[in-house]
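Asker: Before I ask anything, let me first share the structure, which is written out below as structure tokens.
2 protein chains.
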Amino acid sequence: MRTEINKLGEFGLIERIAANFPLQKKTSKKGIADDAAVIKIEEDKQLLVSTDMLVEGIHFDLSYTPLKHLGYKAVSVNVSDIAAMNGIPHQITVSLALSNRFSVEAVDEFYEGVKFACEDYGIDLVGGDTTSSPKGLVISITALGQASPKKIVYRNTAKKGDVLCVTGDLGAAFVGLQILEREKRVFIDAPEAQPKLDNLEHVMERQLKPKARMDIIYELEEHGILPTSMMDISDGLASEIHHICRQSNVGAMMYEKNIPIDEQTAVTAAEELKLSPLTCALNGGEDYELLFTIKQEDLQKIEKIVDVHLIGYIHEAEKGVKVVMNSEQLMDIKAQGWKHFEENE
Amino acid sequence: MRTEINKLGEFGLIERIAANFPLQKKTSKKGIADDAAVIKIEEDKQLLVSTDMLVEGIHFDLSYTPLKHLGYKAVSVNVSDIAAMNGIPHQITVSLALSNRFSVEAVDEFYEGVKFACEDYGIDLVGGDTTSSPKGLVISITALGQASPKKIVYRNTAKKGDVLCVTGDLGAAFVGLQILEREKRVFIDAPEAQPKLDNLEHVMERQLKPKARMDIIYELEEHGILPTSMMDISDGLASEIHHICRQSNVGAMMYEKNIPIDEQTAVTAAEELKLSPLTCALNGGEDYELLFTIKQEDLQKIEKIVDVHLIGYIHEAEKGVKVVMNSEQLMDIKAQGWKHFEENE
Chain A
1 MRTEINKLGE FGLIERIAAN FPLQKKTSKK GIADDAAVIK IEEDKQLLVS TDMLVEGIHF
61 DLSYTPLKHL GYKAVSVNVS DIAAMNGIPH QITVSLALSN RFSVEAVDEF YEGVKFACED
121 YGIDLVGGDT TSSPKGLVIS ITALGQASPK KIVYRNTAKK GDVLCVTGDL GAAFVGLQIL
181 EREKRVFIDA PEAQPKLDNL EHVMERQLKP KARMDIIYEL EEHGILPTSM MDISDGLASE
241 IHHICRQSNV GAMMYEKNIP IDEQTAVTAA EELKLSPLTC ALNGGEDYEL LFTIKQEDLQ
301 KIEKIVDVHL IGYIHEAEKG VKVVMNSEQL MDIKAQGWKH FEENE
Chain B
1 MRTEINKLGE FGLIERIAAN FPLQKKTSKK GIADDAAVIK IEEDKQLLVS TDMLVEGIHF
61 DLSYTPLKHL GYKAVSVNVS DIAAMNGIPH QITVSLALSN RFSVEAVDEF YEGVKFACED
121 YGIDLVGGDT TSSPKGLVIS ITALGQASPK KIVYRNTAKK GDVLCVTGDL GAAFVGLQIL
181 EREKRVFIDA PEAQPKLDNL EHVMERQLKP KARMDIIYEL EEHGILPTSM MDISDGLASE
241 IHHICRQSNV GAMMYEKNIP IDEQTAVTAA EELKLSPLTC ALNGGEDYEL LFTIKQEDLQ
301 KIEKIVDVHL IGYIHEAEKG VKVVMNSEQL MDIKAQGWKH FEENE
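Residue numbers (UniProt numbering), protein chains in the order written: chain A, 1 to 345; chain B, 1 to 345.
Written out as structure tokens, the structure is:
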């Protein structure tokens, strides 16, 4: 079934969306239906605000991305930024620009994913804007979080001697993307071919439906650990470690053997894609894991958190940003990250 | 001169923008340069959040819209929503998706307009996202304001007997748009023709560089008036009065003779465009004036505010939403407003 959006109109569409998102949070005083949402800030807390834009043809390809997963991912990307400040997300706003290729049912599917994410992260949808676009889909999400000022963790406060930690595993989302792009090319050449996606659940899920690591934020709190600096890994470990080092005026030493790479990621990268798993972990994007530093005195505490890996330490800025390879060679880390502007030349 | 954006890269572009926007507000604790901005909420205040998306080819046409004005307008549109809640704007985030048609100089021009608006409204740019798009320009702005919960004014609280007020004058932005569209068609047919824009400053400015009515918000406070309901007029008076009436479960009676229409708007509509000035005032969009209701006991106070016009009163829902015409006929007001989704069929 396909219902044209102009059948509902902008106001009809907004009401349809709002009906599926009753407010749950005590801090959400007014959601959709007025000129602005009204949010209560908890006592002694400050507000955290982060915003991201996702553009069809640049950040996602709807030929292999289910809209429901895209809705989930768009929320995760923003919640991940609130997590990276050691904050608790409370609300999001979601704006869409849609071409007439998209039906009401497509919008419903997208918001189904948004709703799953809101439930997973315990947040409310409190506003947004829905408009048409001459071409494609553009998603703009703003996430609002709260944190006590003493517990907000910035990027520019890493200190010499701190231990460098990373959550989960790296490179999987990038490997997932390469597989999906490969299967898309195969499909274009031979539409009758079956996609080869066996034993690729992990890399697929990490690309299509990533989770923000709020679990780690709650665990850090539970174990009484306040990181000395933190950010999320959206552009790849190499790029992010440079942000922390440059802004904190320090350098870092990492160990290849400690950089967490899932076995499926490593095997798929090396055997199917002929890529170095380490390169995928360093320069692949969209991991949405957390990169943070802790004081040495917190080492015993951090070891109680299962999914945190100690990958190195912070040293003087003059010593640069380096990795000790398994071969015992020392490699300089260059910042790379996504260069969306170049892809579009 | 034309510098390609990929010469700077995303991070270079962000740094270039951030350098022009030092934080001014006491409530802006951290702006651009971390995963999220950090905002302090003033004592006993709540947060107001509003977001709008502007899409090239739908909301603006760069063949006659200077980017600097567009930057200013994009901020105004969002500040207007904060004003409509009786709040004070503090911060904005600005996200852009840009095709490679746009140079660094074009981005600079847009942000020059954003900066003028930030200065006019006393707000800080604290974040955003900049990415490429396969086609055209998409702007997504989120505005953050603050207000004491007792002073926040909603749409759903108008009461029978309240006096209906509107600021400024209506229909000018719509008339300005029609003139610009006409001149564009003339130019396409005969590129050597000079545009006829004499004596059109007011309608041009209202279309290209509208101002949010923060001045009225400050004056209401100064005169001790708390509106009983309020919203901004972005989709036309007819559409907005229906929002207030439906959400408040009331009706409204308005008087044609009291609906403020600037002389330039009226003359241009009638003589050049062969349009009814009243229709432009009722159904034209993008006025960004304020529509609000006050208690009758505030009538003496409101008359001290120069640019506020009393256009009617609130009555029972059963009596509908009507205008007493100058001809003494009674006309039903239908909600109309922008229907962007239909324009895109």
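Here a beta-carbon is modelled for each residue, glycine too, at the ideal position from N, C-alpha and C.
Kindly say whether A/VAL38, judged by its beta-carbon, lies nearer than 8 Å to any beta-carbon of chain B.
Answerer: Here residue 38 of chain A is taken as the residue at index 38 of the first sequence, counted from 1. At least one chain B Cβ lies under 8 Å of A/VAL38.
Asker: Quick check: the Cα distance between B/GLY9 and B/ILE39, rounded to an integer number of angstroms?
Answerer: Along the second sequence, one-based indexing puts residue 9 of chain B at 9. Along the second sequence, one-based indexing puts residue 39 of chain B at 39. If I take the Cα positions, the gap works out to 28 Å.
Asker: Exposed or buried, A/MET1, counting other C-beta atoms within 10 Å across all chains shown (16 or more means buried)?
Answerer: Walking along the first sequence from the start, residue 1 of chain A turns up at place 1. By the neighbour-count rule (16 or more Cβ atoms within 10 Å), A/MET1 is not buried but exposed.
Asker: Any idea if A/LEU197 is buried or exposed, counting beta-carbon neighbours within 10 angstroms, 16 or more meaning buried?
Answerer: Position 197 of the first sequence holds residue 197 of chain A. A/LEU197 is exposed by the Cβ-count criterion.
Asker: How many angstroms separate the CA atom of A/LEU13 from the CA atom of A/THR130?
Answerer: Walking along the first sequence from the start, residue 13 of chain A turns up at place 13. Walking along the first sequence from the start, residue 130 of chain A turns up at place 130. Cα-Cα distance, rounded: 8 Å.
Asker: For the alpha helix (DSSP H) containing residue 353 of chain A, name the first residue and the last one.
Answerer: Any answer about residue 353 of chain A is impossible in this case: the structure gives chain A only from 1 up to 345.
Asker: Buried or exposed: B/GLN207, going by 16 or more other Cβ atoms within 10 Å of its Cβ?
Answerer: On the second sequence, position 207 is the one that residue 207 of chain B refers to. With 16 or more Cβ atoms within 10 Å of its Cβ, B/GLN207 is classed as buried.
Asker: Which residues bound the beta strand (DSSP E) around A/PHE292?
Answerer: Along the first sequence, one-based indexing puts residue 292 of chain A at 292. Unbroken beta strand (DSSP E) run through A/PHE292: 289-294.
Asker: Grouping DSSP H, G and I as helix and E and B as strand, with all else coil, what is A/MET204?
Answerer: On the first sequence, position 204 is the one that residue 204 of chain A refers to. DSSP places A/MET204 in helix when its eight states are reduced to three.
Asker: Leaving aside the five residues before and after A/VAL267 along the sequence, list all residues of the same chain whose C-beta is less than 8 Å from its C-beta, in chain order.
Answerer: As a position in the first sequence, residue 267 of chain A is number 267, starting the count at 1. Correct list: empty, nothing qualifies.
Asker: Buried or exposed: A/SER63, going by 16 or more other Cβ atoms within 10 Å of its Cβ?
Answerer: Position 63 of the first sequence, counted from the first residue, corresponds to residue 63 of chain A. That one is exposed.
Asker: Restricting to Cα atoms, I'd like to know which of B/GLY320, B/PHE292, B/PHE102, B/LEU96 is closest to B/VAL55.
Answerer: Residue 55 of chain B sits at position 55 when you count from the first residue of the second sequence. Comparing Cα-Cα distances from B/VAL55 to each of B/GLY320, B/PHE292, B/PHE102, B/LEU96, the minimum goes to B/LEU96.
Asker: What do you get for B/THR51, buried or exposed, if any count of 16 or more other CB atoms within 10 angstroms of its CB means buried?
Answerer: Sequence index remark: in the second sequence, residue 51 of chain B carries index 51 (1-based). By the neighbour-count rule (16 or more Cβ atoms within 10 Å), B/THR51 is buried.
Asker: Output, in chain order, the set of chain A residues within a Cβ distance shorter than 8 Å of B/GLY127.
Answerer: The residue you call residue 127 of chain B lines up with position 127 of the second sequence. Under the 8 Å cutoff, chain A gives VAL49, SER50, THR51.
Asker: So A/ASP298 and A/ILE225 are in contact, right, with Cβ under 8 Å, and what is the actual spacing, rounded?
Answerer: Taking the first sequence and counting its residues from 1, the one referred to as residue 298 of chain A is at position 298. Taking the first sequence and counting its residues from 1, the one referred to as residue 225 of chain A is at position 225. Between A/ILE225 and A/ASP298 the Cβ distance is about 5 Å, and since that is below 8 Å, they are a contact.
Asker: Quick test of your reading: A/MET254 and A/GLU240, contact by CB under 8 Å. State the CB separation rounded to the nearest angstrom.
Answerer: By 1-based counting over the first sequence, the position of residue 254 of chain A is 254. By 1-based counting over the first sequence, the position of residue 240 of chain A is 240. 12 Å between Cβ atoms; not a contact.
Asker: Chain A beta carbons: is any one of them nearer than 8 Å to that of B/LYS339?
Answerer: One-based indexing of the second sequence puts residue 339 of chain B at position 339. Low local confidence applies: a pLDDT of 48 at B/LYS339 is under 50, so the model's placement there is unreliable, with the coordinate-based value given in what follows. Yes, contact with chain A.
Asker: Would you kindly report the start and end of the unbroken alpha helix (DSSP H) that includes A/SER234?
Answerer: Against the first sequence, residue 234 of chain A aligns to sequence position 234. It is not in any alpha helix (DSSP H) - A/SER234 carries neither H nor E in the DSSP assignment.
Asker: Tell me the DSSP bridge mates of A/SER50?
Answerer: Position 50 of the first sequence, counted from the first residue, corresponds to residue 50 of chain A. A/ALA143.
Asker: I think A/THR157 touches A/SER229, with their Cβ atoms under 8 Å apart; what is that distance to the nearest whole Å?
Answerer: Reading the first sequence from its first residue, position 157 is the one you call residue 157 of chain A. Reading the first sequence from its first residue, position 229 is the one you call residue 229 of chain A. In this structure, A/THR157 and A/SER229 form a Cβ contact; the two beta carbons are roughly 5 Å apart against a cut-off of 8 Å.
Asker: Report the CB separation of B/ILE141 from B/ALA33 in whole angstroms; it is logged as a contact under 8 Å.
Answerer: Numbered from its first residue, the second sequence carries residue 141 of chain B at position 141. Numbered from its first residue, the second sequence carries residue 33 of chain B at position 33. Actually they do not touch by this definition, with Cβ atoms about 19 Å apart.
Asker: Once DSSP output is grouped into helix, strand and coil, what is the label at A/THR268?
Answerer: Along the first sequence, read from residue 1 onward, the residue named residue 268 of chain A stands at position 268. Helix at A/THR268.
Asker: So B/HIS309 packs on B/VAL250, CB below 8 Å; how close in whole Å?
Answerer: By 1-based counting over the second sequence, the position of residue 309 of chain B is 309. By 1-based counting over the second sequence, the position of residue 250 of chain B is 250. Rounded, the Cβ-Cβ distance is 20 Å, inconsistent with contact.
Asker: Comparing the C-beta of B/LEU144 with each C-beta of chain A, is any distance below 8 Å?
Answerer: Counting from one through the second sequence, the residue named residue 144 of chain B turns up at place 144. At least one chain A Cβ lies under 8 Å of B/LEU144.
Asker: Compare the C-beta of A/TYR154 with all C-beta atoms of chain B and state if any pair is closer than 8 Å.
Answerer: Indexing the first sequence from 1 puts residue 154 of chain A at position 154. A/TYR154 counts as touching chain B.
Asker: Does the beta carbon of B/ASP61 sit closer than 8 Å to a beta carbon anywhere in chain A?
Answerer: For the purposes of this step, residue 61 of chain B is taken as the residue at position 61 of the second sequence. For B/ASP61, the answer is no, since every Cβ of chain A falls outside 8 Å of its Cβ.
Asker: Rounded to the nearest angstrom, what separates A/GLU43 and B/ASP44 at their Cα positions?
Answerer: For the purposes of this step, residue 43 of chain A is taken as the residue at position 43 of the first sequence. For the purposes of this step, residue 44 of chain B is taken as the residue at position 44 of the second sequence. Cα-Cα distance, rounded: 10 Å.
Asker: Going by Cα to Cα distance, which pick from A/GLU318, A/VAL306, A/ILE139 is closest to A/GLY57?
Answerer: What you label residue 57 of chain A is simply residue 57 of the first sequence in a count that begins at 1. Ranking A/GLU318, A/VAL306, A/ILE139 by Cα distance to A/GLY57 puts A/ILE139 first.
Asker: Give the DSSP-derived three-state secondary structure of B/GLN91 in the structure shown.
Answerer: Translated into positions along the second sequence, residue 91 of chain B becomes position 91. In the structure shown, B/GLN91 sits in a strand (DSSP, three-state: E or B).
Asker: Does at least one heavy atom of the ligand PLP sit under 7 Å from the Cβ of A/GLY320?
Answerer: The ligand content of the structure shown is nil, which means the ligand PLP is not present either.
Asker: Helix, strand or coil for B/LYS257 per DSSP?
Answerer: Along the second sequence, read from residue 1 onward, the residue named residue 257 of chain B stands at position 257. Helix at B/LYS257.
Asker: Determine, for B/ASP215, whether the minimum Cβ-Cβ distance to residues of chain A falls below 8 Å.
Answerer: Position 215 of the second sequence, counted from the first residue, corresponds to residue 215 of chain B. Answer no: the Cβ-Cβ gap between B/ASP215 and chain A never drops below 8 Å.
Asker: Should A/MET325 be labelled buried (16 or more other beta-carbon atoms within 10 Å of its own) or exposed?
Answerer: Here the question's residue 325 of chain A lines up with position 325 in the first sequence. A residue is called buried when at least 16 other Cβ atoms come within 10 angstroms of its Cβ; A/MET325 does not meet this threshold and is exposed.
Asker: What residue from A/ILE152, A/GLN24, A/LEU180 has the CA that sits closest to A/ILE92's CA?
Answerer: Working through the first sequence from its first residue, we reach residue 92 of chain A at position 92. The shortest C-alpha separation from A/ILE92 is found at A/GLN24.
Asker: When we look at the beta-carbon of B/ILE188 and count the other beta-carbons within 10 Å, is it buried (16 or more) or exposed?
Answerer: For the purposes of this step, residue 188 of chain B is taken as residue 188 along the second sequence, with counting starting at 1. Exposed.
Asker: Grouping DSSP H, G and I as helix and E and B as strand, with all else coil, what is A/GLU345?
Answerer: Within the first sequence, numbered from 1, the residue matching residue 345 of chain A stands at position 345. For A/GLU345, the predicted model reports a pLDDT of 30, less than 50, meaning its position is unreliable; a value from the coordinates is still stated below. Note: A/GLU345 maps to coil in three-state DSSP.
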